[in-house]
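Q:
There are 4 protein chains.
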Amino acid sequence: MTQQTEQATKTRVGLVGASGYGGIQLVRLILDHPHLELTYLGGSSTAGQEFGQVYPHMAPWFNQQCEAIEIEAISERCDVVFLAAPNGVALELVPALVERGLRVLDLSADYRFTDLAVYEQWYGKERKDHSTNAKAVYGLPELFREKIANASLVGCPGCYPTASLLAAAPLLKQGLIATESLIIDAKSGVSGAGRVAKQGSLFAEVDGSIGAYGVTQHRHTPEIEQVCSELCGHNLTLQFTPHLIPMTRGILVTLYAQLRDPGLVTEDLNLVYTAFYRQAPFVTILDVGVYPHTKWVTGTNSCYIGLAVDPRTERVIVLAVIDNLLKGQSSQAMQCLNIMMGWPEDLGLPKVAFYP
Amino acid sequence: MTQQTEQATKTRVGLVGASGYGGIQLVRLILDHPHLELTYLGGSSTAGQEFGQVYPHMAPWFNQQCEAIEIEAISERCDVVFLAAPNGVALELVPALVERGLRVLDLSADYRFTDLAVYEQWYGKERKDHSTNAKAVYGLPELFREKIANASLVGCPGCYPTASLLAAAPLLKQGLIATESLIIDAKSGVSGAGRVAKQGSLFAEVDGSIGAYGVTQHRHTPEIEQVCSELCGHNLTLQFTPHLIPMTRGILVTLYAQLRDPGLVTEDLNLVYTAFYRQAPFVTILDVGVYPHTKWVTGTNSCYIGLAVDPRTERVIVLAVIDNLLKGQSSQAMQCLNIMMGWPEDLGLPKVAFYP
Amino acid sequence: MTQQTEQATKTRVGLVGASGYGGIQLVRLILDHPHLELTYLGGSSTAGQEFGQVYPHMAPWFNQQCEAIEIEAISERCDVVFLAAPNGVALELVPALVERGLRVLDLSADYRFTDLAVYEQWYGKERKDHSTNAKAVYGLPELFREKIANASLVGCPGCYPTASLLAAAPLLKQGLIATESLIIDAKSGVSGAGRVAKQGSLFAEVDGSIGAYGVTQHRHTPEIEQVCSELCGHNLTLQFTPHLIPMTRGILVTLYAQLRDPGLVTEDLNLVYTAFYRQAPFVTILDVGVYPHTKWVTGTNSCYIGLAVDPRTERVIVLAVIDNLLKGQSSQAMQCLNIMMGWPEDLGLPKVAFYP
Amino acid sequence: MTQQTEQATKTRVGLVGASGYGGIQLVRLILDHPHLELTYLGGSSTAGQEFGQVYPHMAPWFNQQCEAIEIEAISERCDVVFLAAPNGVALELVPALVERGLRVLDLSADYRFTDLAVYEQWYGKERKDHSTNAKAVYGLPELFREKIANASLVGCPGCYPTASLLAAAPLLKQGLIATESLIIDAKSGVSGAGRVAKQGSLFAEVDGSIGAYGVTQHRHTPEIEQVCSELCGHNLTLQFTPHLIPMTRGILVTLYAQLRDPGLVTEDLNLVYTAFYRQAPFVTILDVGVYPHTKWVTGTNSCYIGLAVDPRTERVIVLAVIDNLLKGQSSQAMQCLNIMMGWPEDLGLPKVAFYP
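Protein chains in written order, with my numbering: chain A, 1 to 356; chain B, 1 to 356; chain C, 1 to 356; chain D, 1 to 356.
#1: For Pro246/B, name the three-state secondary structure that DSSP assigns.
#2: How close, in whole Å, do the beta carbons of Ser330/A and Leu107/A come, if the pair is a contact with beta carbons under 8 Å?
#3: If contact means a Cβ-Cβ distance below 8 Å, which residues of the segment 200–211 of chain B contact chain A?
#4: Just to check my reading of the structure: Pro281/D and Asp346/D have Cβ atoms closer than 8 Å, yes? What is that Cβ distance to the nearest angstrom?
#5: Under 9 Å between beta-carbons, which chain B residues line up against Lys351/C? List them in chain order, please.
#6: Just to confirm the assignment: which complete beta strand (DSSP E) runs, minimum length 3, are found wholly within the segment 52–80 of chain C?
#7: Tell me the DSSP secondary structure of Asp106/D in three-state form.
#8: Can you tell me whether Gly23/C is buried or exposed? The criterion is at least 16 other CB atoms within 10 Å of its CB, across all chains shown.
#9: Could you tell me if Asp364/A is buried or exposed, where buried requires 16 or more neighbouring beta carbons within 10 angstroms of its beta carbon?
#10: Roughly how many angstroms lie between the CA atoms of Val54/C and Gly299/B, to the nearest whole one?
#11: What does Gln239/B reach in chain A if we use C-beta pairs closer than 8 Å?
#12: What do you get for Leu15/D, buried or exposed, if any count of 16 or more other CB atoms within 10 angstroms of its CB means buried?
#13: At 8 Å on the CB atoms, spell out the chain C contacts of Trp296/B, in chain order.
#14: Keeping to the same chain, check which residues put their C-beta closer than 6 Å to that of Thr266/B; ignore five residues upstream and five downstream.
#15: In this structure, what does DSSP give as the bridge partners for Arg12/D?
#16: If you count every other CB in all the chains shown that lies within 10 Å of the CB of Leu326/A, and 16 or more means buried, which is it?
#17: Which chain A residues sit within Cβ distance under 7 Å of Leu51/D?
#18: Excluding the 5 residues flanking Ser191/A on each side, which residues of the same chain have their C-beta closer than 8 Å to its C-beta?
#19: Which value, in whole angstroms, describes the spacing of the CA atoms of Asp268/C and Leu83/C?
#20: So, helix, strand or coil for Gln258/C, using DSSP?
#21: Reducing DSSP to helix, strand and coil, say where Ala385/C ends up.
#22: Apply the 10 Å Cβ neighbour rule to Gly52/D and answer buried if 16 or more other Cβ atoms are within range, or exposed otherwise.
#23: DSSP on Glu345/C, reduced to helix/strand/coil?
#24: Which residues does DSSP list as the beta-bridge partners of Phe82/D?
#25: Can you tell me which of the three DSSP states Gly386/A falls into?
#26: Can you have a look at Ser131/A and say buried or exposed, based on whether 16 or more other CB atoms are within 10 angstroms of its CB?
#27: For Pro284/C, write down the residues that DSSP places opposite it in a beta bridge.
#28: Pick from Thr313/A, Tyr138/A, Leu26/A and His220/A: whose alpha carbon is nearest that of Ala151/A?
#29: Please report the residue range of the alpha helix (DSSP H) in which Ala167/D lies.
#30: Going straight from the alpha carbon of Val272/A to that of Leu172/A, what length do you get?
#31: So Ile317/D is in the beta strand (DSSP E); what residue range does that whole segment cover?
#32: So for Gly155/A, helix, strand or coil by DSSP?
#33: Considering only their Cβ atoms, is the gap separating Ile317/C from Val318/D smaller than 8 Å?
#34: Using only the alpha-carbon positions, how far apart do Ala193/C and Pro141/C sit?
#35: Please list, in chain order, the residues of the segment 271–295 of chain A that have any C-beta partner in chain D closer than 7 Å.
#36: Measuring only the C-alpha atoms, how far is Gly328/A from Tyr160/A?
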């Protein structure tokens, strides 16, 4: 995990959206990164506050004052900018930032969709930035590494789509399953709901309990379907059901699909997955019979995958885990930046969990 | 929740397996029950200990000494006996107890299977008690109330099967789904693993983490399939995947199935479920758009069910929650006893959760 | 735990403050109580809503509509009223309610102080209701049972004071300790902060973490001091430090005090405590060497106390646990009502925890 | 947090006790350290197993086979060795290892006591290695940096003593408190009990509950007293009470002491602490009015301290948090090694928590 590369001058990076859980992850990742220098820190609710007022534990290490969001300031002082603001904010900023030559990594949903009508339908906001959106690349490095390398604008995936797509991609790309049979039962820690004070995210409400939400209607559904459709070569409809788990970090997806060839066994699919992710330093395919726990990847950019074929039902069950705030959000954005800059893909990124 | 019925003499009840989480629930339920008197308390590991040594919080309320397991003592001093011992213990005791005229409620897997070959295959123990087993009734009151009323031996359901079957029964009984499409993704609190000291149940291992286990191979699969097959009228194979959740109590099952009639909408199925469970005082069908959280039923014998039809995929998704140690184990056994004795079905049983 | 007493007509009870965690406890306790009928349910934020909209799990059992808070409606339809509103609300209602002859149990801080100047200083609100306040009795039954029996207005104790005073009372009443040495280090679950959406109560902030708050300045300090001073017969100043624990329910207080007689041993004090609480059905003194866990009393009105004398330091350490929302709040109020009405003190109140 | 120092050859390091939570921390810290190479990995229970069998999440990153514990192998292949075995194991190994010239860092209690009679009394094991023990230095860098720099054998502090001593040291060293008034109320996560399967560490027992243990008798008491006595210059007796908290990692100590000079205010003591720890890169004194949460230091070698003077009681209350498995155990041992080797004290050590 030592970092050998070195460059003369640091790349100047900005961060919009300092107060959320994505923001605090990015601050730490930027501070840890050998080639980056944080030259702009902005947010709408935090403007004027020191970072240590927003996150007291950070005060001794990083106490920069947050600024208002101003396009001129960002574009003058940054080469690259991460946008970690709520949905609907980036689309107001990105056209100007891209025009001024910045590389932009947006963590919201604004630049994830090739068809903006889908965005308008599911997110309820009108879009006028079609030419900017056309430049956006979907920031899942394991599937779109080359496009990301040449991108100036990256729409970073949602947390559920990251885990779901890493679990599903080999099956779809290799044509191994009946695509309409695809079911993704997802389980997420509560930090995915952000740091906003909501009754449903209170400890006393969440602790000791589990429930589903957004059944048949979660907004990550069209995002997963878009990429799955691209992978299998035709429009695909799938079932996606998220659940809230009484834990802070982590996502597990349990994927079910009907195999086209009932003769395939677990070992066969294990080989397929291993080959598919051979060049992916952050994806681990577990041994047959081993299934991942979310804690195995907490605090890292890693994704662990276990799978089984059930000969009784001719289904494959795939289990994939990520840290929703890192691989599912902030560190994956940093992985994209590494690729965009031609740096080692894993530069400055955590791989191994502190356990337990 | 007041209890008006009264009878002259109390029914003498015994409990085998005092030390486990099932045992402690039953002790409390028996103490709370207006018609029961605990006349025998036995266990193999706890023999000779006072109950307050096993569960210190019970000492001020109930501190009876645990006895060795002796069939003569049980049959002399009890009219009814609950067996809450590990799998494979009941089958040694039950033939003699039934022969001596006791009513027996077994919480283990020993008397759940009509075909003992299935038990032998999944539980790895040879069975010789075929005639006793033939008398056993599956103790899920919402489906088998009349058989239970006339039974002398009840094989009480497993925790996962209870939630799974309550979620699936209306669909199967009414022939609404393609039976081979049935997938049950189940999530359970850790108390289901019992009070035995195991590394995998340690707080530090479980906290902040979720994982699947027994993928394609959990022993509750054949139990669920047996009853589902009976409900739909033919042999059915289904997918069952359990997950361990960082919480103590509760099970949520998320059921997926393909509708035979794609014209059905959520409101239709809501009506079907409401009608199906009209006589079931412990099953609540939630309003359309409301999905249950396990905490809503913690500490009760209740089951809450929410459901949705997805017109995009022509699937129904059913969500059902129970308290795994109560409706999934001990209080359901008490519900069966109430039925066997001709008492009100809900006598002495908790319905409403303390929240939060 | 069966309830034998019966009366011809039920007492009509009202509840103001239905939406909070205190409110939901009281609804359940009232429904469970054999002599009570809930005839008024009010709240400022919930007026017009059905209770099942506020707490969905209650819909099948109790779905009464919440009303606006109106003194006339309350006094016409109720014999007794529980006020579970935020601090500063009761003082506007209570004078008129008491005047109209209602028995009032207030769960806020408004009627806990004999000296209203103390209230004004710590709660920052001016008080004009001195004559009403003079009628108020402090609702800790184990210490003030007779006063409560004759009271028309009860100021129910805070959660921390309940546990602290039950732990300290025998020492102070018997003059066993140097009063100025008294230190109370308290640990509370998060439900004590209520159901209001606050960033500091979010699962992601609280989970896996513990911290102190209100150090040297918590508002329960003067409340504890007032009663301790009364018990020992002179004005006493003590140290009180609360901590937030990653759990939903429960309070543990750890009390430290210097013994006046260094010759006393643990067994001596155990006897003193046992004698002191002989008439208290909800207080259990544990055997020497046994220390209570909060989970032993979750869901009950019980208080468990363990203690030890340290001969090396000549200190006594007392550990007391309660359920903060029940004995620390709502069920203690019901215990007071039982006493006021001349019913058995434990009528309708839970004593034994469901465990685990 | 980048690491600039580089040396030609790596220092060869061994680890005894690979299976425990201390072991897994050390493996990760060694892998992350720029100057270390893990050349020996041993354990009694794990001999012959690959590390990925013991900790499955480590398999992709580090899967070395564990060896039996053999002094010859260790001394031939290592320059330095960490011993993370249970109490009583190190004392059998250390004399031979030190004699062979290795630098030894022992994480057990075996080499923490200057007076072995104290060890024998509290740990119940006879000691014959007095000459070896005489060489041992207590491994708390903030207090004994220079001794550690010259040591060949370091007895690394317990988790509770680390937090307690960092909280108490400035007060004792500067003579600010009445030493006999010292009370330490400590709260620890469950990982402190290790990875051994014990009923009391089960999730279902620990979750949602808090309790004290070892009241007046915990074995860390004499260890804290030994160092406190050294700091204040005379034999001191103090009160130490540990509590088990439903969280995995972290310790908070709440320290109470009577001030000698009642005129001191919070700001004065804040200055004293800030000055005392000016050279300590891992100790942060928080601003007046800010109190630390354990989560602020999870995953780091940091210690955060907040404090307040209560003018009403003339006491000081000090709150200190650490990660019990890192600063309280393994990373503090690494900090000692850095000092012993003349490397930067913070080399390879985590400072900033991933939050939340």
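Note that CB positions come from ideal geometry on N, CA and C, so glycine has one too.
A: In terms of the structure at hand:
#1: coil
#2: 7 Å
#3: Ala204, Glu205, Asp207, Gly208, Ser209, Ile210 and Gly211
#4: 5 Å
#5: Those are Pro60 and Trp61, listed as they occur along chain B.
#6: Taken in chain order, the segment 52–80 of chain C contains no complete beta strand (DSSP E) segment of 3 residues or longer.
#7: strand
#8: With 16 or more other CB atoms across the displayed protein chains lying within 10 angstroms of its CB, Gly23/C is buried.
#9: Missing from the structure shown is residue 364/A; chain A here goes from 1 to 356 and no further.
#10: 20 Å
#11: Tyr256, Asp310, Thr313, Arg315 and Ile317
#12: buried
#13: Pro56 and His57
#14: Setting aside the 5 residues that flank it on each side, Thr266/B is surrounded in the same chain by Val288, Ala308 and Val309, each with a C-beta closer than 6 Å to its C-beta; the list follows chain order.
#15: Glu37/D
#16: buried
#17: The residue asked about is misnamed: residue 51/D is Phe in this sequence, not Leu. Chain-order list of chain A residues neighbouring Phe51/D: empty, with the shortest C-beta distance near 12 Å, by a criterion of under 7 Å.
#18: Tyr21, Thr248, Arg249, Asn324 and Leu325
#19: 41 Å
#20: Three-state DSSP puts Gln258/C in a strand.
#21: What the structure shows of chain C is the stretch from 1 to 356, and residue 385/C is not part of that stretch, so it cannot be assessed.
#22: buried
#23: coil
#24: Leu15/D and Leu105/D
#25: In the structure as shown, chain A begins at 1 and stops at 356. Residue 386/A is therefore absent and cannot be evaluated.
#26: That one is exposed.
#27: This sequence places Thr at residue 284/C; Pro is not what is there. Beta-bridge annotation (DSSP): Thr284/C is paired with Tyr304/C.
#28: Tyr138/A
#29: Cys159 to Lys173
#30: 12 Å
#31: Arg315 to Ile322
#32: strand
#33: no
#34: 24 Å
#35: Residues are counted here when their Cβ sits less than 7 Å from a Cβ of chain D; for the segment 271–295 of chain A these are Thr284 and Val290, given in chain order.
#36: 7 Å
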